[in-house]
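Novice:
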Amino acid sequence: MKSFIKKQLNPSDRSLVINLKNEVERQRTCQFKLAPDFVSQEDKFIRHLLYFSNDSLSAYAFLSFYDETELEATIISQNDPHVLHELFETISQFTQKKNCSRILFITDPKDEYLNSSLKQNAQLKKQFTEYRLVLQPAKFKPINTSFILRKATINEAIAIARLQFGTEDPPLLSEDLEKTFVFYLKDQLIACVRIEEDQNSYGIYGFVVDPAFRGQGLGKICLNNIIQLLLDKQEKEIYLEVDSTNEVAYHLYVKMGFEKKSTFDYYEQVLISK
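Numbering-wise, the sequence shown is residues 1307 to 1580 according to my numbering.
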């Protein structure tokens, strides 16, 4: 058995991973939290883990560590407990090398094989469940406002970091700033949002309204504005994600035209420093 951790996949690797993904999804009628172009993604905060058994791809994991304290892992594996055990060990070792303190394993509840393995692992604890909601354009109703919506600038990096994280140190990373939009009411920054785009979709992330302006319906208006902007661009799927316990936000998104498409459970493994 051999495992490889790569920054990017070659065409042959990509084909093998896609075939494995399609096979497992078909067998278990489940989905994986992966972007449509995940096999093509190349980033300093991303790794692809491939696990071969007898020259055949038995398992794959998409690893991301944008947060310096944690690594997120989405696993695709055949029904082989030994392979899965080895995969967990490899991910744990890699995470420790990155000096991350915890791993979040992401899985579809319909993936009974992987979920059973995660639940039986004494080192793991289920943390939360997340819904992915996809916009149904025919149900969306635009709202006209006087808000100013535009791309963020470097001069706003500290203010945005303060809004999103409650601190201005460090300021927003340049790669995140390029994807961020800001909302102004007169001369006041009231909200920000980050748009993650790939070949097939727009993901709405990091949407935050200034606490001083909450409870006034401004969040709904800001979100409505960003959706209008995305609908006016190239036609793609528009989605966002919400914690299953956040019923207020969930019902707001449904009223705005979103429908639940996927459910993902997050299992946490806290690593002990050696």
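All C-beta atoms in this analysis are idealised placements derived from N, C-alpha and C, irrespective of residue type, glycine included. Only a predicted model underlies this, so the values are computations on that prediction, with no experimental measurement involved.
1. In chain order, which continuous runs of the beta strand (DSSP E) of length 3 or greater are located wholly inside the region 1316-1366?
2. Can you give the Cα-Cα distance for Gly1525 and Lys1485, rounded to whole angstroms?
3. Just tell me which of Pro1317, Leu1393, Met1562, Leu1356 has its CA closest to the CA of Ile1311.
4. Alpha carbons only, please: which of Leu1410, Asn1385, Asp1386, Pro1387 is nearest the one belonging to Ile1397?
5. Using only the alpha-carbon positions, how far apart do Phe1394 and Asn1421 sit?
6. Under the assumption that Tyr1545 contacts Gly1523 (Cβ atoms under 8 angstroms), give the Cβ distance between them as a whole number of angstroms.
7. Could you confirm whether any beta carbon from chain D is found closer than 8 angstroms to the beta carbon of Pro1387?
8. Confirm, please, whether the CB-CB distance from Phe1368 to Phe1344 is below 8 angstroms.
9. Under a Cβ-count criterion, where at least 16 other Cβ atoms within 10 Å of its own Cβ denotes burial, should Ile1460 be classed as buried or exposed?
10. Can you tell me the Cα-Cα spacing of Leu1558 and Ser1318, whole angstroms?
11. Our contact map puts Ala1365 next to Asp1504 with C-beta atoms below 8 angstroms; I'd like the distance itself, whole angstroms only.
12. Would you say the region 1413-1432 touches the region 1546-1556, given that touching needs at least three Cβ pairs under 8 angstroms?
13. Kindly identify the DSSP beta-bridge partner or partners of Leu1495.
14. Could you round the C-beta distance between Ser1507 and Glu1543 to whole angstroms and report it? I think they count as a contact, below 8 angstroms.
15. Residues in its own chain within less than 8 angstroms of Gly1472 by CB, not counting five upstream and five downstream?
16. Measuring straight from C-alpha to C-alpha, what distance separates Arg1353 and Gln1314?
17. Let me know the secondary structure DSSP gives Lys1312 once reduced to three states.
18. Report the three-state DSSP secondary structure of Glu1374 (helix, strand or coil).
19. Taking the alpha-carbon positions, what's the Val1323 to Thr1451 distance?
20. Count the CB pairs spanning the region 1525-1535 and the region 1403-1418 that are closer than 8 angstroms, and state whether there are at least three.
21. In the DSSP assignment, find the unbroken alpha helix (DSSP H) run with Leu1537 in it and report its ends.
22. Going by Cα to Cα distance, which pick from Ser1362, Phe1453, Glu1481 is closest to Gln1534?
Specialist: Reading off the structure:
1. 1352-1359
2. If I take the Cα positions, the gap works out to 19 angstroms.
3. Leu1356
4. Closest by C-alpha distance to Ile1397, out of Leu1410, Asn1385, Asp1386, Pro1387, is Leu1410.
5. If I take the Cα positions, the gap works out to 13 angstroms.
6. Between Gly1523 and Tyr1545 the Cβ distance is about 23 angstroms, and since that is not below 8 angstroms, they are no contact.
7. Reference to chain D is not applicable here, since this structure consists of a single protein chain.
8. yes
9. exposed
10. 43 angstroms
11. Not really, about 24 angstroms apart at Cβ, beyond 8 angstroms.
12. no
13. Tyr1490
14. 4 angstroms
15. No residues qualify anywhere along the chain.
16. 7 angstroms
17. strand
18. Collapsing the DSSP output to three states places Glu1374 in coil.
19. The alpha-carbon separation between Val1323 and Thr1451 amounts to approximately 46 angstroms.
20. no
21. For Leu1537, the enclosing alpha helix (DSSP H) stretches over residues 1524-1538.
22. Check the Cα spacing between Gln1534 and each of Ser1362, Phe1453, Glu1481: the tightest is with Phe1453.
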